[in-house]
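Note that our numbering numbers the sequence shown so that position 401 is 462, with each residue one more than the last.
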Amino acid sequence: MMTSPTRTAETATLRFDPFDEAVLGDPYAHHAVLRDTAPVVLFEPGGYYAMARHAEVQAALKDWQTFVSGRGVGLADFQIEQPWRPPSLLLEADPPLHERTRGLMSKVASLASLRNVMPQWQAKADTLADQLIARRHIDAVTDLGEAFPLQVFPDLIGLRDDGRDNLIPYATATFNAFGPRNRLVEQSLAASAQAAVWVAEACRRANLKPHGWGAQVFAAADRGECSQDEAERLVRSFLSAGVDTTVNGIGNMIHAFATHPEQWQLLRERPDLAKRAFEESLRWGGTVQTFFRTTGRAVDIAGTTIPEGAKVLLFLAAANRDPRKWDDADRFDITRSASGHVGFGFGIHQCLGQMVARMEAEAVLNALIPRVAQFRLTGKPVRRLNNTLHALGALPIELIPA
Ligand code: OVM
Numbered sequence: 062m063m064t065s066p067t068r069t070a071e072t073a074t075l076r077f078d079p080f081d082e083a084v085l086g087d088p089y090a091h092h093a094v095l096r097d098t099a100p101v102v103l104f105e106p107g108g109y110y111a112m113a114r115h116a117e118v119q120a121a122l123k124d125w126q127t128f129v130s131g132r133g134v135g136l137a138d139f140q141i142e143q144p145w146r147p148p149s150l151l152l153e154a155d156p157p158l159h160e161r162t163r164g165l166m167s168k169v170a171s172l173a174s175l176r177n178v179m180p181q182w183q184a185k186a187d188t189l190a191d192q193l194i195a196r197r198h199i200d201a202v203t204d205l206g207e208a209f210p211l212q213v214f215p216d217l218i219g220l221r222d223d224g225r226d227n228l229i230p231y232a233t234a235t236f237n238a239f240g241p242r243n244r245l246v247e248q249s250l251a252a253s254a255q256a257a258v259w260v261a262e263a264c265r266r267a268n269l270k271p272h273g274w275g276a277q278v279f280a281a282a283d284r285g286e287c288s289q290d291e292a293e294r295l296v297r298s299f300l301s302a303g304v305d306t307t308v309n310g311i312g313n314m315i316h317a318f319a320t321h322p323e324q325w326q327l328l329r330e331r332p333d334l335a336k337r338a339f340e341e342s343l344r345w346g347g348t349v350q351t352f353f354r355t356t357g358r359a360v361d362i363a364g365t366t367i368p369e370g371a372k373v374l375l376f377l378a379a380a381n382r383d384p385r386k387w388d389d390a391d392r393f394d395i396t397r398s399a400s401g402h403v404g405f406g407f408g409i410h411q412c413l414g415q416m417v418a419r420m421e422a423e424a425v426l427n428a429l430i431p432r433v434a435q436f437r438l439t440g441k442p443v444r445r446l447n448n449t450l451h452a453l454g455a456l457p458i459e460l461i462p463a
């Protein structure tokens, strides 16, 4: 599967499939090769380029004029191939369209409206933590990582109450679909056919509750900032991007603490480090591993020319552990400043919902810090393979009460 890198005159080439299931199961084992081979590599036979060093990844994310999103941020080039669903008006859009949609969505997803809900979120996290402690043996993926976001996020958007269990299968398929058409894509698209129908319905104005972020997108449409059809598709962005990301962000964070008990002990002694701890867990165990861009023009990167119309795979998670950027990059250390990590991306497309993710994680940490002395792994963590997400299928732990 993995062979040693070969160098042609101008382009370093790697001959393994980064979406192979063995690679997805242990992505961090492959990052050093990606980073060390060259600043830019060409994957054969995939036919796409890749970057994995922090400097180049960040520069590419910043240069949206060259590394465009409108041709899709998965392997499929929307200029050539039919997208599996109508493109996102945010993620898969470039300026000037992106400026308009991002502007209106940023106003909806405001820090002020999140601050309003934080006390309720904290109360819910506290109650959930009490219940989990009482059970003692839990699966941190379903019982916490999935349970908490599903208790708060759909209500934030104002989603209908029935059918919310469609959200995770839909998001799973969405994130798989950024990869090549492998078994993971075929399976999750087949498994989410009904979920896609439910999501389309759930995004309609008539099905959104009056005060949520969904309704506020339609209020922006009423002010002429977008059309009603665009509003539906923008609400779809919340549902696509807001669930499986935070589910696995919380899961990966608990996994990091379960495997680094001394870091949990440190956090209990210094709960003021909670914000830092979440950022560090994103840097160290990144939820979103990769995104593609497409070159809108030929571009020279450190002596390698990437032609126009090429797909370029950006390894966010490898950049986040690049020793050129971080001291002791593989070490999970909640005292370090992880600022500059690209776990939320960088530049004009940087995660719109990052404050949602932070507030969810903070509520969870604030609830667990006083209650849990230790997370004891009671079985092997199980990965849930996904073409984009570093996801967990199961994380069996015993919560040792404080
Ligand atoms: C969207 C979308 C979908 C998946 C991820 C994402 C990370 C956005 O539909 O806009 O951002």
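Ideal placement from N, C-alpha and C gives every residue a C-beta, glycine not left out.
Since this is a predicted model, take the numbers as computed values, not measurements.
G454: not part of any alpha helix (DSSP H); member of the beta strand (DSSP E) spanning A452 to A455, first to last residue. With a 10 Å radius around the Cβ and a threshold of 16 neighbouring Cβ atoms, V169 comes out buried. Remark: the C-beta of A154 is outside contact range of ligand 1, defined as less than 6 Å to any heavy atom. When secondary structure is reduced to three states using DSSP, L152 falls in the coil class, being assigned neither helix nor strand.
The Cβ neighbour count for K372, taken over all protein chains shown within 10 Å, is at least 16; the residue is labelled buried.
For the set E421, G454 and A452, the Cα lying nearest the Cα of Q212 is the one of E421.
Annotated as proximal: R76 and E105, with beta-carbon spacing under 7 Å.
For T162, there is no enclosing beta strand (DSSP E); the residue is found in the alpha helix (DSSP H) stretching over L158 to V169. Collapsing the DSSP output to three states places P368 in coil.
Taking the Cα positions, P148 is about 23 Å away from A418. Look at S298: its beta carbon is less than 6 Å from one of the heavy atoms in ligand 1.
Here DSSP, grouped into helix, strand and coil, assigns H402 to coil. Relative to the non-hydrogen atoms of ligand 1, the Cβ of L151 comes within a distance shorter than 6 Å of at least one. Annotation for T320: the continuous alpha helix (DSSP H) segment containing it runs D305 to T320.
Taking A113 as reference, the option from V443, L413, P384 and T356 with the minimal CA-CA separation is P384. With a cutoff of 6 Å, T235 counts as near ligand 1, since its C-beta is closer than that to a heavy atom of the ligand. Shown here, F299 sits in a helix according to DSSP, grouped into three states. Ligand 1 never approaches A282 closely enough for any of its heavy atoms to be under 6 Å from the residue's Cβ.
In the structure shown, the three-state DSSP call for L375 is strand. In this structure E341 touches A399 by the C-beta definition: roughly 5 Å separates them, less than 8 Å. A234 is the residue among F209, A234 and S130 whose C-alpha sits nearest the C-alpha of R146. Counting C-beta pairs with one atom in each stretch, the stretch 120–133 and the stretch 268–282 have fewer than three that are closer than 8 Å, which means they do not touch. Between the C-alpha atoms of R337 and L328 there is a straight-line separation of about 10 Å.
Annotation for T98: the continuous alpha helix (DSSP H) segment containing it runs Y89 to T98. Assignment of V246 by DSSP, reduced to helix, strand and coil, places it in the helix class. In the same chain as F318, and ignoring 5 residues on each side of it, the C-beta atoms closer than 7 Å to its own belong to Q324, W325 and F436, in chain order. The stretch 151–166 makes no contact with the stretch 430–446; the number of CB pairs closer than 8 Å stays below 3. When secondary structure is reduced to three states using DSSP, H272 falls in the coil class, being assigned neither helix nor strand. Between V308 and E207 the beta-carbon gap is near 5 Å, inside 8 Å, which marks them as a contact.
By the C-beta density criterion, Q119 is buried, having at least 16 other C-beta atoms within 10 angstroms.
DSSP places L103 in no alpha helix (DSSP H) but in the uninterrupted beta strand (DSSP E) bounded by V102 to F104. In this structure P180 is exposed. Its beta-carbon is surrounded by fewer than 16 other beta-carbon atoms within 10 angstroms. A check of alpha carbon separations from H272 across E291, W259 and P215 identifies P215 as the nearest. The alpha-carbon of L429 is positioned some 28 Å away from that of G86. For T356, the beta-bridge partners assigned by DSSP are F128. Taking a cut-off of 8 Å for Cβ pairs, the stretch 93–109 and the stretch 347–366 touch, as three or more such pairs fall below it.
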